[in-house]
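The letter at position 33 of the sequence shown is residue 47 when you use the numbering used here, and the numbering goes up by one with no holes.
Glycine included, C-beta positions come from ideal geometry on N, C-alpha and C.
Let me begin by presenting the structure, written as structure tokens, before commenting on it.
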Amino acid sequence: LITIASNIISVYRVRELNRLTSIYILPCRRRTDDTRRILLVIVINDGIMLPKT
Numbered sequence: 015l016i017t018i019a020s021n022i023i024s025v026y027r028v029r030e031l032n033r034l035t036s037i038y039i040l041p042c043r044r045r046t047d048d049t050r051r052i053l054l055v056i057v058i059n060d061g062i063m064l065p066k067t
């Protein structure tokens, strides 16, 4: 549960950073795809790590 919370916070920080950089750099689709990929990896990892009941 702690890892899930920390992962959500880290993804939120990544998204905030992307928002800040998109002000200075033209927004591109690859950045959002990278964020989505990171999210997917985190979700899969948490799914594996969670104890099965």
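- [ ] Check whether the Cβ atoms of Leu-54 and Val-25 sit closer than 7 Å, and answer yes or no.
- [x] The answer is no: Cβ separation not under 7 Å.
Task: Other residues of its chain near Arg-29: CB distance less than 7 Å, five sequence neighbours each side excluded - done: Correct list, in chain order: Thr-49.
Task: Beta-carbon spacing of Asn-77, Ile-56 below 7 Å - done: Residue 77 falls outside the range modelled here, since the chain spans only 15 to 67, and no answer is possible.
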